[in-house]
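Here's the structure, in structure tokens; my notes come after.
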Amino acid sequence: MKAVIRRIPRGRVATYGQVAELAGLPGGARVSAAALKTSLPSERLPWQRVIGKAGGARGRIAIHDPVGAAVQRQLLEDEGVAVGDTGLVALDVYGWLPSTTRRRKPRRR
DNA sequence: GCCAGGGCGCTAA
DNA sequence: ATTAGCGCCCTGG
211 MKAVIRRIPR GRVATYGQVA ELAGLPGGAR VSAAALKTSL PSERLPWQRV
261 IGKAGGARGR IAIHDPVGAA VQRQLLEDEG VAVGDTGLVA LDVYGWLPST
311 TRRRKPRRR
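This is how it looks when you write it as structure tokens:
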């Protein structure tokens, strides 16, 4: 699972659900989140590249802690990922496209 | 018609 | 019970 996260290319992002699926934990999106939450910086996991897409969000920072969220945003922009004021990230552009996973209906565009 | 955002219920650890 | 989630549906801009 952590291995999966490390696979996320720089400048790209993936959703918790996507990571969980790739890790072999279907429906375990929150498990991924928990793993990241408990992970230590020494693990050097690019947790910043993992975002959520719950509710009406199509892909945005899902960290509750405002500080952590700000950090993630900064790190992402540092990699070249544009983050909206609300922490929204254009999955259509920066979304990771692993050959092993398929996306939902690309909803035009 | 398009987009972003919020509400609701569900699943898994 | 709690949560760094997810999808569907509705609303406002």
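Everything in the first sequence is counted per my numbering, starting at 211 for the first residue and increasing by one.
Ideal Cβ positions, reconstructed from N, Cα and C, are used throughout, including at glycine.
Residues that residue i bridges to, as DSSP identifies them
i: Gly305; result: Val223
i: Gly238; result: DSSP lists no partner for Gly238.
i: Ile261; result: Thr225
For residue j and residue i, the rounded distance between their alpha carbons
i: Asp275; j: Val281; result: 10 Å
i: Val221; j: Asp295; result: It is Gly, not Val, that sits at residue 221 in the sequence shown. Their Cα atoms are separated by approximately 18 Å.
i: Arg240; j: Ala224; result: 14 Å
i: Pro219; j: Leu307; result: 10 Å
i: Lys247; j: Gly305; result: 21 Å
i: Gly237; j: Ser309; result: 19 Å
i: Ser252; j: Gly269; result: 26 Å
i: Ala244; j: Ala267; result: 20 Å
Proximal residues to residue i (C-beta, below 8 Å), its chain only, five neighbours per side dropped
i: Arg319; result: Model confidence at Arg319 stands at a pLDDT of 48, short of 50, so the residue's coordinates are unreliable; what they give is reported in the following sentence. Excluding positions up to five away in sequence, the list reads Asp302.
Same chain, Cβ closer than 6 Å to residue i, neighbours up to 5 away in sequence not counted
i: Val293; result: Arg283, Leu286, Glu287 and Val299
i: Ser242; result: Tyr226, Val229 and Ala230
i: Ala233; result: Met211 and Val214
Cβ-based neighbour list, residue i, same chain, cut-off 7 Å, excluding 5 preceding and 5 following
i: Ala272; result: Ile261, Gly262 and Ala264
Identity of the residue in the options nearest residue i by Cα
i: Pro249; options: Met211, Arg270 and Leu307; result: Checking the sequence shown, residue 249 turns out to be Ser, not Pro. When each option's Cα is compared against that of Ser249, the closest is Met211.
i: Ala279; options: Gly297, Gly269, Arg268 and Glu289; result: Gly297
heavy atom of the ligand HEM below 8 Å from residue i C-beta
i: Gly297; result: As for the ligand HEM, it is missing from this structure, which has no ligand bound.
Report task. Please confirm if the stretch 211 to 221 is in contact with the stretch 241 to 259, defined as three or more CB-CB distances below 8 Å between the two stretches. Result -> yes
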